[in-house]
Amino acid sequence: MATEKPGSLAVLIDGDNASASIISGLITEIAKYGTASVRRIYGDWTRPNLSSWKGVLLDNSILPMQQFAYTKGKNATDGAMIIDAMDLLYTGRFSAFCLVSSDSDFTRLAARIREQGVTVYGFGERKTPKPFVSACDQFTYFDTLPISTHDDTIRDTRQTSPFDNYVRSLKAGGAVPSKRPHVEVPPGGATETDPKRMHRDDRTTTFREVNVPNFTGGFMGPKPLDQAAIEGLKQVVNSTAGEDNWANLANVGHFMRRVSPDLNAQNYGYARLRGFVEASGIVDVQQRELRNGPPVVVVRIKEDETR
Numbered sequence: 001m002a003t004e005k006p007g008s009l010a011v012l013i014d015g016d017n018a019s020a021s022i023i024s025g026l027i028t029e030i031a032k033y034g035t036a037s038v039r040r041i042y043g044d045w046t047r048p049n050l051s052s053w054k055g056v057l058l059d060n061s062i063l064p065m066q067q068f069a070y071t072k073g074k075n076a077t078d079g080a081m082i083i084d085a086m087d088l089l090y091t092g093r094f095s096a097f098c099l100v101s102s103d104s105d106f107t108r109l110a111a112r113i114r115e116q117g118v119t120v121y122g123f124g125e126r127k128t129p130k131p132f133v134s135a136c137d138q139f140t141y142f143d144t145l146p147i148s149t150h151d152d153t154i155r156d157t158r159q160t161s162p163f164d165n166y167v168r169s170l171k172a173g174g175a176v177p178s179k180r181p182h183v184e185v186p187p188g189g190a191t192e193t194d195p196k197r198m199h200r201d202d203r204t205t206t207f208r209e210v211n212v213p214n215f216t217g218g219f220m221g222p223k224p225l226d227q228a229a230i231e232g233l234k235q236v237v238n239s240t241a242g243e244d245n246w247a248n249l250a251n252v253g254h255f256m257r258r259v260s261p262d263l264n265a266q267n268y269g270y271a272r273l274r275g276f277v278e279a280s281g282i283v284d285v286q287q288r289e290l291r292n293g294p295p296v297v298v299v300r301i302k303e304d305e306t307r
């Protein structure tokens, strides 16, 4: 049986509304949906608030897009990202867009992409406004993404070199040393060919230890379903159930995303849909054997919940 070829994805990240700490989990999650042919992050890279991103861009093949702020207090990054998204959309090369932001300014963009028949996967914080969440086909919260067991994917250890002090003294108008500054060998004698993969920056003696991420689950474990999730689940089961009031669990999961893009097992800390619906406490669950084919799981709303 032929398998469907993964689609080509455009990943656009709002650097002002996303943290570098989520990048490993984000890339892993996006890989489930297809191949990220375009990976771009937008922001004003002259500002210090984006400094944490600089260490992970090359390692994850993400292209930084520079956008200066035209006016103080106004965000020009959103406009640049929206324009690029529309340019990419009109090429017709992409089966889906991944919009990484918690900003409601991208609500209309997501809706426009979907009007073109292209899938939109959204990623953001729990505080993401509902209109943007609803404009996406599927929305995943940052705190559910798989994380690395390391504190950071890349750890930087910086020390000021004698050469830096030398240049600094020249800029300050100090006396020029009579001898060439002596540059000490890093502790342990680490070089660029060291097995620890220590890399040196020309301006500052910077050693970056590149760690291979070891992924675990999300930031959180399973959590109780809120009233919105329970009501949404009840609506979906009732809508997909047959005359006997039983609904195929696979159909329930598929229809859930249409009802609410953020109504999915992952956003509540569950690895599987069955665990999610069982945790609701409002459904009966059965596994039925079929004569031809694998068994199927079916669910129905409990009798006391239908009264």
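Residue 1 is where the sequence shown starts when you use full-length UniProt numbering, and the numbers rise one by one after that. Note that beta-carbon positions come from the ideal geometry of N, C-alpha and C, so glycine has one too.
- Counting along the chain, the unbroken alpha helix (DSSP H) around Asp87 starts and ends at Thr77 to Thr91.
- Taking C-beta separations shorter than 7 Å and ignoring five residues to either side along the sequence, the partners of Lys302 in its chain run Ile282, Val283 and Asp284, following chain order.
- Around the C-beta of Gly34, 16 or more other C-beta atoms lie within 10 Å, and the residue is accordingly described as buried.
- Rounded to whole angstroms, the gap between the alpha carbons of Arg258 and Asp103 is 21 Å.
- Here Asn264 is buried. Its C-beta has 16 or more other C-beta atoms within 10 Å.
- Judged by their CB atoms, Ala96 and Ala135 are not nearer to each other than the 8 Å cut-off.
- Straight through space, the alpha carbons of Val118 and Phe94 are spaced by roughly 8 Å.
- Contact annotation: Leu145 and Gly221 have beta-carbon atoms that are not nearer than 8 Å.
- Taking 8 Å as the cut-off, the beta carbon of Phe139 is found closer than this to the beta carbon of Asp262.
- When the Cα atoms are used, Glu243 and Leu58 turn out to be separated by approximately 55 Å.
- Under a 10 Å Cβ-count criterion, Ser260 is classified as buried, with 16 or more other Cβ atoms of the shown protein chains found around its own Cβ.
- Residue nearest to Ala228 within the set Asn60, Ala241 and Ser280 is Ser280 (criterion: CA-CA distance).
- Shown here, Tyr121 sits in a strand according to DSSP, grouped into three states.
- Taken through DSSP and simplified to helix, strand or coil, Asp284 comes out as strand.
- Pairing Glu278 with Asp84, the inter-Cα distance amounts to about 43 Å.
- Ala265: not part of any alpha helix (DSSP H); DSSP gives it neither H nor E.
- Look at Arg39 here: in three-state DSSP terms it is strand.
- For Phe255, the closest C-alpha among the options Lys234, Ile22 and Gly43 is that of Lys234.
- Residue Val236 holds the alpha-carbon nearest to the alpha-carbon of Arg300 among Val236, Ile27 and Asp137.
- If you look at Ser24, you'll find it in the alpha helix (DSSP H) that goes Ile23 to Ile30.
- For Gln235, no beta strand (DSSP E) segment is defined; the enclosing uninterrupted segment is the alpha helix (DSSP H) at Gln227 to Thr240.
- Boundaries of the beta strand (DSSP E) around Pro64: Leu63 to Gln66.
- The beta carbon of Ala20 sits closer than 6 Å to the beta carbons of Ser52, Trp53 and Val56 from its chain, once the five residues preceding and following it are set aside; these are given in chain order.
- For Gly55, the enclosing alpha helix (DSSP H) stretches over residues Lys54 to Leu57.
- For a cut-off of 8 Å, the C-beta gap from Arg274 to Val252 is around 10 Å, too long to register as a contact.
- Under the 10 Å beta carbon count, Tyr121 is surrounded by 16 or more other beta carbons and is classified as buried.
- In the displayed model, Arg300 falls within a strand according to three-state DSSP.
- Cβ atoms of Asp14 and Thr77 come within 8 Å of each other, at about 6 Å.
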